[in-house]
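Q: Input: one structure, supplied below.
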């Protein structure tokens, strides 16, 4: 309703301005107005304000939307009054509704192309932009406006957060798992990709001559081309099933350039705080998020390359300590921050997020170990230090606006088969849409 009222006011203003323009359509120099003309102009302004106020009263608006409506009306009124004070015989007003970019960003991009007499008016809470300029120049502005208001390219970022327990025999265990995976998988038995791929996965986890930063607490990066990704995903799933690795999270995000995507997989831990004042001690509870955090920002999106700012963080509770406010957790945090430039469809692994944990194991002989004093002879305890390495496998795919529509069936498919495909579509939930896309390719 607001947009309709807004357009009505724009048309009304244009009609008033058209009555003031010369009938022959020729440009004329401004002349000094007589007192009668000034009074007539003031009356027209008053009529415009009264009509706008009357129409505004007829529009039902909630208290939450009234401020936005007043801002839009105020912006229009200022611009309309400015035009009515000047000789507008050679000017026209055009209202553009932005479809893909915000009104503020659109105005900043269009403003340099205005003529000396051009004006723009926009609103924070509306994508409507009022453009006023000379008639001969306005057509050019319309073409530029369409070029500016284009669909924005986006990036699909898929991540797999994998944790590996680093033990003395880890390299040997991983080699055994690799051989088992190769024997079980017909997909890779006839290729030469897996040995090189397994070596690169190992370099992302363990220190080597090619990757000395892996276990030094520094971030390490290894790239994988699109041909490796299907095998790598299967290999990681196999390691997770066998217990060699643990896939903690597999988030996916679609983001526009300059916008940050955040994913948190974890829980909020209560932390008690105490403050002293004249009335005594006050206790308050704050909450700290503990788990996996991933922040990704596409800084630039080119034809086939993407520049990303990636900031992963993993936190966990290592122990509790007593304080005046009670038992509070001690939280260990592992994080990294980097800028990456990646090709469309490629994957990168980010390592160097380490954790060391002391685990105590107690053993005893049943019944005998519970005997006071003598039971110590039948009990034993050991302390082991376990190191874990967190590796994030990150893949990027550039997404155009046309790629977001997946509910279409390719041409050339028989009608009977199309009906079966439509019936089958309901089986695939949104999170399995990639599987649905793969099936669609079979019909092309």
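Residue numbers (the working numbering): 25 to 468.
Just so it is clear, CB atoms sit at the ideal spot from N, CA and C, and this is done for glycine as well.
Quick one: give me the first and last residue of the alpha helix (DSSP H) that residue 250 is part of.
A: Taking the first residue of the chain shown as position 1, residue 250 is located at position 226. Its alpha helix (DSSP H) spans residues 250-266.
Q: Can you list, in chain order, the residues of its chain with a C-beta nearer than 6 Å to that of residue 281? Leave out the 5 residues immediately preceding and following it.
A: For the purposes of this step, residue 281 is taken as the residue at position 257 of the chain shown. For residue 281, where only same-chain residues beyond five positions count, the Cβ hits under 6 Å are 322 and 325.
Q: Applying the 10 Å Cβ sphere with the 16-neighbour rule, what's the burial state of residue 269?
A: The residue given as residue 269 occupies position 245 in the chain shown. Label assigned to residue 269: buried.
Q: List the whole-angstrom C-beta distance separating residue 144 from residue 131, where the pair is believed to meet the contact cut-off of C-beta under 8 Å.
A: Looking up residue 144 in the chain shown gives position 120. Looking up residue 131 in the chain shown gives position 107. Rounded, the Cβ-Cβ distance is 5 Å, consistent with contact.
Q: How is residue 136 classed by DSSP in three states: helix, strand or coil?
A: As a working note, residue 136 is residue 112 in the chain shown. It is helical.
Q: When you compare only the Cα positions, how much space is there between residue 435 and residue 250?
A: Here residue 435 refers to the residue found at position 411 when the chain shown is read from its first residue. Here residue 250 refers to the residue found at position 226 when the chain shown is read from its first residue. Residue placement at residue 435 is flagged as unreliable, the pLDDT there being 48, under the threshold of 50; a coordinate-derived value is accordingly withheld.
Q: Kindly identify the DSSP beta-bridge partner or partners of residue 312.
A: Locating residue 312 in the chain shown gives position 288, counting from the first residue. In DSSP, residue 312 forms a bridge with 293.
Q: Please go through the same chain and pick out, in chain order, the residues whose beta-carbon is closer than 6 Å to the beta-carbon of residue 273, but skip the five residues on each side of it.
A: Here residue 273 refers to the residue found at position 249 of the chain shown. Excluding positions up to five away in sequence, the list reads 185, 289 and 316.
Q: Measure the beta-carbon distance from residue 377 to residue 411 and round it to whole angstroms, keeping in mind my assumption that it falls under 8 Å.
A: Position 353 of the chain shown, counted from the first residue, corresponds to residue 377. Position 387 of the chain shown, counted from the first residue, corresponds to residue 411. Not a contact, Cβ separation roughly 12 Å.
Q: Nearest-angstrom Cα distance between residue 363 and residue 180?
A: Here residue 363 refers to the residue found at position 339 when the chain shown is read from its first residue. Here residue 180 refers to the residue found at position 156 when the chain shown is read from its first residue. Answer to the nearest angstrom: the Cα atoms are 17 Å apart.
Q: May I ask which residues mark the beginning and end of the beta strand (DSSP E) holding residue 469?
A: As shown, the chain starts at 25 and ends at 468. That puts residue 469 outside it, with no answer to give.
Q: For residue 350, report the span of its beta strand (DSSP E) as first-last.
A: Against the chain shown, residue 350 aligns to sequence position 326. 350-359 is the span of the beta strand (DSSP E), which, as asked, contains residue 350.
Q: How about residue 366 and residue 329: do their beta carbons lie closer than 9 Å?
A: For this step, residue 366 is matched to residue 342 along the chain shown. For this step, residue 329 is matched to residue 305 along the chain shown. Going by C-beta atoms, residue 366 is nearer than 9 Å to residue 329.
Q: Using C-beta distances below 8 Å, list every residue in its chain close to residue 370, excluding the 5 sequence neighbours before and after it, in chain order.
A: Taking the first residue of the chain shown as 1, we reach residue 370 at position 346. Once the five neighbours on either side are set aside, the close Cβ partners of residue 370 are 247, 248, 249, 250, 419 and 420.
Q: Cβ atoms of residue 287 and residue 311: under 9 Å apart, would you say?
A: As a working note, residue 311 is residue 287 in the chain shown. As a working note, residue 287 is residue 263 in the chain shown. Contact flag unset, no.
Q: Quick one: what does DSSP say residue 330 is sitting in, helix, strand or coil?
A: Indexing the chain shown from 1 puts residue 330 at position 306. Three-state result, residue 330: strand.
Q: Answer with buried or exposed for residue 344, where buried requires no fewer than 16 other C-beta atoms within 10 angstroms of its C-beta.
A: In the chain shown, counting from the first residue as 1, residue 344 sits at position 320. Flag for residue 344 reads exposed.
Q: Quick one: using the 10 Å Cβ neighbour count with 16 as the cut-off for buried, is residue 170 buried or exposed?
A: Counting from one through the chain shown, the residue named residue 170 turns up at place 146. Exposed.
Q: Excluding the 5 residues flanking residue 339 on each side, which residues of the same chain have their C-beta closer than 6 Å to its C-beta?
A: Against the chain shown, residue 339 aligns to sequence position 315. Counting only Cβ-Cβ distances below 6 Å, and skipping sequence neighbours, we find 314, 355 and 357.
Q: Specify the secondary structure class of residue 400 as computed by DSSP and reduced to three states.
A: Taking the chain shown and counting its residues from 1, one reaches residue 400 at position 376. Helix, per DSSP.
Q: So that I know if they touch, is there some Cβ in chain B lying closer than 9 Å to that of residue 419?
A: Structure shown: chain B not included; a single protein chain is present.
Q: Pull up the distance between the alpha-carbon of residue 396 and that of residue 276, whole angstroms please.
A: Taking the chain shown and counting its residues from 1, the one referred to as residue 396 is at position 372. Taking the chain shown and counting its residues from 1, the one referred to as residue 276 is at position 252. Distance between the alpha carbons of residue 396 and residue 276 is about 56 Å.
Q: Assuming residue 423 and residue 253 are in contact, meaning their beta carbons sit under 8 Å apart, how far apart are those beta carbons, in whole angstroms?
A: Taking the first residue of the chain shown as 1, we reach residue 423 at position 399. Taking the first residue of the chain shown as 1, we reach residue 253 at position 229. 17 Å between Cβ atoms; not a contact.
Q: Helix or strand or just coil, what does DSSP make of residue 394?
A: Within the chain shown, residue 394 is the residue found at index 370, counting from 1. Residue 394 falls in the helix class under three-state DSSP.
Q: What's the C-alpha gap between residue 239 and residue 375?
A: Residue mapping note: residue 239 aligns to position 215 of the chain shown, counting from 1. Residue mapping note: residue 375 aligns to position 351 of the chain shown, counting from 1. Residue placement at residue 239 is flagged as unreliable, the pLDDT there being 38, under the threshold of 50; a coordinate-derived value is accordingly withheld.
Q: What separation, rounded to the nearest whole angstrom, lies between the Cα atoms of residue 401 and residue 332?
A: Position 377 of the chain shown holds residue 401. Position 308 of the chain shown holds residue 332. When rounded, the distance between both Cα atoms is 60 Å.
Q: In this structure, does DSSP put residue 386 in helix, strand or coil?
A: As a working mapping, residue 386 is identified with position 362 in the chain shown. Strand at residue 386.
Q: Cutting at 7 Å between CB atoms, please list the residues of its own chain near residue 389, excluding the five before and the five after it.
A: Taking the chain shown and counting its residues from 1, the one referred to as residue 389 is at position 365. Only 402 meet the Cβ criterion.
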